[in-house]
Structures are given as C-alpha cells and as structure tokens.
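Taken in sequence, the protein lines are chains A and B.
Last residue of the first sequence: number 257 in this note's numbering, and the count goes up by one each step with no gaps.
Last residue of the second sequence: number 244 in this note's numbering, and the count goes up by one each step with no gaps.
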Amino acid sequence: MTVPTSRPSNAAAWLLAIAAPAVVFAMYMALIWAPDERTLGTVQRIFYIHVGSAWNAYLAFLIVFVASIAYLLRRRAALDAVAASAAEMGILFTTLTLATGTFWARSVWNVWWTWDPRLTTTLIMWFMYIAYLLVRAAAEGEERRGRLAAVFGIVAFATVPLVHFSAIWWRGMHPNIVQLGPTPRMNMDPEMVVTMLVAVAALTLLHGALLACRLNLEQLARRAAALRERVRLEVDS
Amino acid sequence: MNYARAVAAIIWKDLRLEWRTGEAVLTPALLAVLLLLVIVFALPPAVARMEGVFTASLWTAVFFAGTVGLGRSFARERAEGRLWALLLAPVDRSAVFLAKGLAAFLFLGLVAVVTMPAFFAVFGQPLGAPLWRWVATVGLVLLAYSGVGTLVSAIAAQLRAGEVLYPVLLFPLLVPVVLAAIHLTDGLLETGGWSTARAWLQLLVLYNLLFWGVPYLIFEYVVEV
Chain A
21 MTVPTSRPSN AAAWLLAIAA PAVVFAMYMA LIWAPDERTL GTVQRIFYIH
71 VGSAWNAYLA FLIVFVASIA YLLRRRAALD AVAASAAEMG ILFTTLTLAT
121 GTFWARSVWN VWWTWDPRLT TTLIMWFMYI AYLLVRAAAE GEERRGRLAA
171 VFGIVAFATV PLVHFSAIWW RGMHPNIVQL GPTPRMNMDP EMVVTMLVAV
221 AALTLLHGAL LACRLNLEQL ARRAAALRER VRLEVDS
Chain B
20 MNYARAVAAI IWKDLRLEWR TGEAVLTPAL LAVLLLLVIV FALPPAVARM
70 EGVFTASLWT AVFFAGTVGL GRSFARERAE GRLWALLLAP VDRSAVFLAK
120 GLAAFLFLGL VAVVTMPAFF AVFGQPLGAP LWRWVATVGL VLLAYSGVGT
170 LVSAIAAQLR AGEVLYPVLL FPLLVPVVLA AIHLTDGLLE TGGWSTARAW
220 LQLLVLYNLL FWGVPYLIFE YVVEV
C-alpha cells in the first residue's frame, strides 16, 4: 500500500480568510442595515440566513450527485472524498435551514412545524442524506464504500424532485418570495434583495471554506490510515 | 444464454426458494395481519370508523410488512457466495436486477392478495370501486415499491448490519409512493375512480420509470464483486 504524499492545500486557509469577514459583513447587513419588515418586524431577518442555508444545502447535494456520477465513471478516491464531504456540508446547511425555519414559523405562523411542501421536502432530504452517511459508515472497504455511497447519492438526488411534487400536491403554505416564471420578480424591498444576495454569497463562501477544510481532513485521515497500515506490516514482518 | 431466459431462470429460482422457505410471502403476510391487529387494538373505536383511518392503517401495515420480504431479496444471496455465482452468469447485470425486482413484485402481490381482504373485513369497508381498478392501483404502487426496494436491498446486502439499516435507507426514498398510495386509495373509496387523483397516478408512473430505469443503467456498479 502506498502512502499518499499530497499535503493539505492552502485553499482552505485562503477561503476561510475571505469567508470570515464576508459572513460578518453579511450579518451586519442582515441584522442592522436592512430595513425592518412592515408586518413581520425583526423576526423577518432570519430569512437572510434561512435562504442562504437552503441554497447551500441544495448546492451541496448537487455536488454529491455530480461527484458520485464522476466517481462511478473514473474511480478516483478524491471524487469519493468530495462526495462524502459535500454530503456532510449538505446536512449541516439543511439542519440550519430547518432550524431557522422553525424559529421563523413559531413567531409568524404560531407553530413550530407545518407540513408545507418545502418543509416536507427539506425534512425528507435531510433523512435521505443521513441515510447516505449511514451507507458510508456501514460499508467495509474503501472501494465498496465509495461505490455503494455513489449509487445511493445518485438515487437520492434523483428522488428529491418527486418528493417535492408529492409534497406540493399534498398541502401547501410556504411563502413564495422569489417568483420565477415569464417575468421573474421578488416581492421585496430592494435593500432586502441586496442583503439576501450578500447573505447567500457569504454563506456560499463559508460553504466553500468548510468543504475545503473537510477535504483536507479526509486527506489526512486517509494518509494516517495508510501510515498505520505500513507500520502494521513492518511490525508483522 | 439470452436475456429473457436468464431473467426467467432467476425468477424461477426465487420462486422455488420461496416455496421452500416462505420468507418473502408468508412472514410479511403474517406480519401485516399482526400489524392490523396492533392498529385495531391501538385505535379508539370511534377513530377506527373515521374517514381516512382505513387507508392509513392499510398502507402503514403493507409498507412496513413489505420491508421484511423485500430486504431479504439480496440478503439471501449473501450466503455461500451465491451473489458471485449470479454475477458470473454470461449475461448483462441488469438482468439480475430485473429478475429480482419482478420476483419481489410477485411476492408483494401475493402478500397483498392474502392480507388486503382482512383489512376490508376488519374495518367493514366496502370495495367502492370496480375490482380491476383496485388491482391496477395496488399493482402500480407495489411495482414502484419493489423497484426501489430491490435496489436498496442490493445496497444493504453489502453493508455491515444491512438488514437493520434497510428500512432506514428505504423509507425516505419511498415517501412519494406512500403519499400516492394514500391519495389513490382515498380517491377509489370516495369516487370509485381516479378522477380526483390523476396527478398522483402520473407521479406514480414517473416514479416507476425512475426506479426501474435508473437501476437498469447503474446496476452493474451496485453489485461489483
């Protein structure tokens, strides 16, 4: 067994150095600079973190999907590491989305949880990727773990739209702030739009930084495992 | 050996195995009836007569009992290197998936035929729609269930403690099927047809295409030796 020699990249440090002030700046805009919402008041400010997290959750699961397909085709350990790390990021941001959503719902809808399509989809998605991590944890052998996880990652992502449609037809009440269609428009004050975009960008940077850190960790773990294996072989002989 | 003959041979093998062990039909059917009892014991009598309770009880029991048989689909190929033997067959790997999936569908169908009358009887629920509509609806639901169930079974069979993990891996993927089954059944009971639940029918067909189509494409990656 060869010990991987590649060192952790500096990308993580650089991304963190950019992401940290960006997040502080976005928090300033979201919590202080943006105007108060007329009917919802201060609690509406959760929205900026909420939307940023939700976007990053979907982005992370898209990365899992793409990395999984690429892994099955190319069989590079690095692609598997990307999928594994992105899945954890996705669960992190999904948890943030669900948490901020429930706080908001408690004060605006007066309930912690409703079975709205988007809430339902997000919750099911969360369970799917917990299952994805369970597949990874229960698979023995690097090759088998990568292969089975990739298959599950592809299938889970392909199922998300169907879960979403079924949830829409089931019941619905989530506010539609961003409306796509023939004339895309947003039902928001321009300053709020700017704040939202800054928050999304800052959290995406944070996402990138955390992903890079997680990938470094993965690389170190694999290197450590290989070194341990070599020591074991030398002691045995 | 051509494709169709390989598929038929594997289905035949599973049927014979089932005849001797009864683990994919008998055990789930018994469990479904037991679940029916548990549900009836748990529900206050007034609630049991409420609209929608029959549908919820029926599908909860069928979906849960189904995991016991479906999960065995590939788990039973683990012992004595049987999966390797299957994979050595000079035929496209997707034939293995197709055969195991169709066999699972047959078994689930038998479970439904045996247990569903008991649900109608215990709840005193009239059929409310022509029998062929029930057969088509339940068939489509079980086809979707066996497609996704077989794929997840193939994954779980290669995991440590896979049989314990199986339902946890399966149910998040199964949500659209559960919702469609509930709505289509309610539609049949209320209107005797699919007019109120046409979208669910389409969703179910789409789901079937996805879970019989995608494994068909990627199954060779699922069961590499």
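Positions of the beta carbon are idealized from the N, C-alpha and C atoms, including for glycine.
Here the structure is a predicted model, which means the values were calculated and not measured.
- Query: Got a sec, what are the start and stop residues for the alpha helix (DSSP H) residue 31 (chain A) sits in?
  - Reply: Looking up residue 31 (chain A) in the first sequence gives position 11. Start and end: 31–48.
- Is DSSP giving residue 57 (chain A) helix, strand or coil here? Residue numbering aside, residue 57 (chain A) sits at position 37 when the first sequence is read from its first letter. Residue state, collapsed to three classes: strand.
- Mark residue 102 (chain B) as exposed unless 16 or more other C-beta atoms lie within 10 angstroms of its C-beta, in which case mark it buried. In the second sequence, counting from the first residue as 1, residue 102 (chain B) sits at position 83. The residue is buried, with at least 16 neighbouring Cβ atoms inside 10 Å.
- Under 7 angstroms by beta carbon: chain A residues contacting residue 187 (chain B): Translated into positions along the second sequence, residue 187 (chain B) becomes position 168. Ordered by position in chain A, the residues that pass the 7 angstroms Cβ test against residue 187 (chain B) are 151 and 154.
- For the segment 44–51 of chain B and the segment 123–142 of chain B, state whether three or more C-beta atom pairs, one from each stretch, are separated by less than 8 angstroms. yes
- Query: Hey, is residue 216 (chain A)'s beta-carbon within less than 8 angstroms of any beta-carbon in chain B?
  - Reply: In the first sequence, residue 216 (chain A) corresponds to position 196, counting from 1. Chain B has no Cβ within less than 8 angstroms of the Cβ of residue 216 (chain A).
- Item | Runs of alpha helix (DSSP H) wholly within the segment 137–185 of chain A (minimum 4 residues, chain order) | 137–158
- Query: Can the beta-carbon of residue 230 (chain A) be found closer than 8 angstroms to that of residue 222 (chain B)?
  - Reply: Residue numbering aside, residue 230 (chain A) sits at position 210 when the first sequence is read from its first letter. Residue numbering aside, residue 222 (chain B) sits at position 203 when the second sequence is read from its first letter. Going by C-beta atoms, residue 230 (chain A) is not nearer than 8 angstroms to residue 222 (chain B).
- Could you tell me whether the Cβ atoms of residue 224 (chain B) and residue 186 (chain A) are closer together than 8 angstroms? Locating residue 224 (chain B) in the second sequence gives position 205, counting from the first residue. Locating residue 186 (chain A) in the first sequence gives position 166, counting from the first residue. The answer is no: Cβ separation not under 8 angstroms.
- Is residue 161 (chain B) helix, strand or coil when you go by DSSP? As a working mapping, residue 161 (chain B) is identified with position 142 in the second sequence. If DSSP states are grouped into helix, strand and coil, residue 161 (chain B) belongs with the helices.
- Task: Answer yes or no: does any C-beta atom of chain B fall closer than 8 angstroms to that of residue 148 (chain A)?
- Result: Along the first sequence, one-based indexing puts residue 148 (chain A) at 128. With 8 angstroms as the cut-off, residue 148 (chain A) counts as an interface residue toward chain B.
- Query: Taking DSSP as the reference, what is the three-state secondary structure of residue 178 (chain B)?
  - Reply: Stepping through the second sequence from its first residue, residue 178 (chain B) is reached at position 159. Shown here, residue 178 (chain B) sits in a strand according to DSSP, grouped into three states.
- Identity of the residue in A:212, A:217, A:123 and A:75 nearest residue 52 (chain A) by Cα: Mapped onto the first sequence, residue 52 (chain A) falls at position 32. Ranking A:212, A:217, A:123 and A:75 by Cα distance to residue 52 (chain A) puts A:212 first.
- Neighbour list for residue 241 (chain B) in chain A, Cβ cutoff strictly below 7 angstroms: The residue given as residue 241 (chain B) occupies position 222 in the second sequence. By Cβ distance, chain A contributes 171.
- Item | Alpha-carbon to alpha-carbon, residue 143 (chain A) and residue 193 (chain A) | Numbered from its first residue, the first sequence carries residue 193 (chain A) at position 173. Numbered from its first residue, the first sequence carries residue 143 (chain A) at position 123. In this prediction, residue 193 (chain A) has a pLDDT of 48, which is less than 50 and means its spatial position is unreliable; what the coordinates show is noted afterwards. Their Cα atoms are separated by approximately 16 angstroms.
- Query: How many whole angstroms separate the CB atoms of residue 74 (chain B) and residue 201 (chain B), which I take to be in contact at a CB cut-off of 8 angstroms?
  - Reply: For the purposes of this step, residue 74 (chain B) is identified with residue 55 of the second sequence, where counting begins at 1. For the purposes of this step, residue 201 (chain B) is identified with residue 182 of the second sequence, where counting begins at 1. The Cβ separation is near 6 angstroms, so the contact holds.
- Query: Thinking just about the alpha-carbon of each residue, which of B:135, B:170 and B:181 is nearest to the one in residue 48 (chain B)?
  - Reply: Reading the second sequence from its first residue, position 29 is the one you call residue 48 (chain B). Residue B:135 is the option with its Cα nearest to residue 48 (chain B).
- Task: Kindly indicate if chain B contains any beta-carbon less than 8 angstroms away from that of residue 193 (chain A).
- Result: Position 173 of the first sequence, counted from the start, is the residue given in the question as residue 193 (chain A). Bear in mind that the predicted position of residue 193 (chain A) carries a pLDDT of just 48, short of 50, making it too unreliable to give a figure here.
- Task: Would you mind sorting residue 57 (chain B) into buried or exposed? The rule is 16 or more other CB atoms within 10 Å of its CB.
- Result: Your numbering for residue 57 (chain B) matches position 38 in the second sequence. Flag for residue 57 (chain B) reads exposed.
- At a Cβ cut of 8 angstroms, what residues of the segment 176–190 of chain A count as close to chain B, listed as they run along the chain? 176, 178, 179, 182, 183, 185, 186, 187, 189 and 190
- Task: Could you run through the segment 151–170 of chain B and flag, in chain order, every residue whose CB is less than 9 angstroms away from some CB of chain A?
- Result: Listed by position along the chain: 167 and 170.
- Message: Going by DSSP, what residue range makes up the alpha helix (DSSP H) through residue 63 (chain B)?
- Response: Stepping through the second sequence from its first residue, residue 63 (chain B) is reached at position 44. Per DSSP, residue 63 (chain B) belongs to no alpha helix (DSSP H) and is neither H nor E.
- 7 angstroms CB neighbourhood of residue 59 (chain B) in its chain, flanking five on each side removed: As a first step, residue 59 (chain B) is located in the second sequence; it is residue number 40 there, counting from the start. The beta carbon of residue 59 (chain B) lies closer than 7 angstroms to those of 67 and 141 in the same chain, with the five residues before and after it left out.
- Task: Kindly say whether residue 174 (chain A), judged by its beta-carbon, lies nearer than 8 angstroms to any beta-carbon of chain B.
- Result: Residue 174 (chain A) sits at position 154 when you count from the first residue of the first sequence. Yes - at least one Cβ of chain B is within 8 angstroms of the one on residue 174 (chain A).
- Message: Does any residue of chain A have a CB that is nearer than 8 angstroms to the CB of residue 94 (chain B)?
- Response: Residue numbering aside, residue 94 (chain B) sits at position 75 when the second sequence is read from its first letter. No, residue 94 (chain B) does not count as interfacial toward chain A.
- Message: 8 angstroms is my cut-off, CB to CB: does residue 168 (chain A) come that close to chain B?
- Response: For the purposes of this step, residue 168 (chain A) is taken as the residue at position 148 of the first sequence. At a cut-off of 8 angstroms between C-beta atoms, residue 168 (chain A) counts as an interface residue with respect to chain B.
- Task: Indicate whether at least one CB of chain A lies closer than 8 angstroms to the CB of residue 184 (chain B).
- Result: Locating residue 184 (chain B) in the second sequence gives position 165, counting from the first residue. Closer than 8 angstroms: yes.
- Helix, strand or coil for residue 97 (chain B) per DSSP? What you label residue 97 (chain B) is simply residue 78 of the second sequence in a count that begins at 1. Correct three-state label for residue 97 (chain B): coil.
- Can you list the residues of chain A that residue 219 (chain B) reaches, using a CB-CB cut of under 9 angstroms? To locate residue 219 (chain B), count along the second sequence from 1; it is residue 200. In chain order: 186 and 189.
- Would you give the residue range spanned by the alpha helix (DSSP H) that residue 69 (chain A) belongs to? Start at 1 with the first residue of the first sequence, and residue 69 (chain A) comes out as number 49. Here the alpha helix (DSSP H) through residue 69 (chain A) covers 66–94.
- Query: For residue 224 (chain B), which residues in chain A fall below 9 angstroms Cβ to Cβ?
  - Reply: Here residue 224 (chain B) is taken as the residue at index 205 of the second sequence, counted from 1. By Cβ distance, chain A contributes nothing, its closest Cβ being about 11 angstroms from residue 224 (chain B), past 9 angstroms.
- Query: If you drop the 5 nearest sequence neighbours on each side, which residues of the same chain put their C-beta closer than 6 angstroms to that of residue 115 (chain B)?
  - Reply: What you label residue 115 (chain B) is simply residue 96 of the second sequence in a count that begins at 1. Around residue 115 (chain B): 105.
- Near residue 126 (chain B), what residues of its chain come up, given a Cβ to Cβ distance below 7 angstroms and the 5 sequence neighbours on each side ignored? If you number the second sequence from 1, residue 126 (chain B) lands on position 107. Closer than 7 angstroms at Cβ, skipping near neighbours: 37, 43, 44 and 88.
- Query: Any chance the segment 100–114 of chain A sits against the segment 148–161 of chain A, with 3 or more Cβ pairs inside 8 angstroms?
  - Reply: yes
- Task: Give me the Cα-Cα distance between residue 47 (chain A) and residue 132 (chain A), rounded to the nearest whole angstrom.
- Result: As a position in the first sequence, residue 47 (chain A) is number 27, starting the count at 1. As a position in the first sequence, residue 132 (chain A) is number 112, starting the count at 1. Approximately 24 angstroms between the Cα atoms of the pair.
- Query: If we cut at 8 angstroms on Cβ distances, does residue 179 (chain B) have a partner in chain A?
  - Reply: Here residue 179 (chain B) refers to the residue found at position 160 of the second sequence. Closer than 8 angstroms to some Cβ of chain A, the Cβ of residue 179 (chain B) qualifies, so yes.
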